[in-house]
Amino acid sequence: MQSTQQQKGFSIVEVLIVLVILTILVAALTPAYRNYQIRSNRSDAIKSILAIQIAEEKYRITNMSYGDLAAVWPGTTNSYNNYYQMSITNNTASAYTITATALSAQADDTGCTTMTLTNTNGTTTKSPSNCWQ
């Protein structure tokens, strides 16, 4: 007498097909996710630059000139989330330049590894402009 039991479960071929499909999906989506992550980390530079800009204006009210990074951003030279190295150059009585330079993995953000905000006599210039969007 022959048994009429039905087999339950997946065959090894079906499992392998699913694994191949998942591998292809992961391989295709990983670069897209990394690009999204890099672009979203730019907000750390923007937020830090704008905070330093506000601190510079406050500093100028009491000191009649713009300050260096240690005077307006004490305790660290990094951005809020440590994706960027911050610096202030050309600080005078009427101008300053704030620069955010990408650190470690954020340096893969081609075209936006260095973001600057320059204020000269009240006129602000942001560069590169496409990085500020």
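Residues 1 to 133 (our numbering) are what the sequence shown spells out, left to right.
Cβ atoms here follow ideal geometry from the backbone N, Cα and C, with glycine treated the same way.
Note that the structure is a prediction, hence the values are computed from the model and not measured.
| Check | Outcome |
| --- | --- |
| Own chain residues within Cβ distance below 7 Å of residue 48, not counting five before or after | 79, 80, 84, 86, 100 |
| Length-filtered (4 minimum) alpha helix (DSSP H) runs lying within the stretch 39-97 | 69-72 |
| Buried or exposed by the 16-neighbour rule on C-beta atoms within 10 Å, applied to residue 5 | exposed |
| The stretch 28-39 in contact with the stretch 5-15 per 3-pair CB rule at 8 Å | no |
| Simplified DSSP assignment, three categories, for residue 25 | helix |
| Beta strand (DSSP E) segment containing residue 127, residue limits | 123-127 |
| CB of residue 92 within 8 Å of CB of residue 65, strictly | yes |
| Residues bridged to residue 117 (per DSSP) | 98, 126 |
| DSSP-derived helix/strand/coil call for residue 16 | helix |
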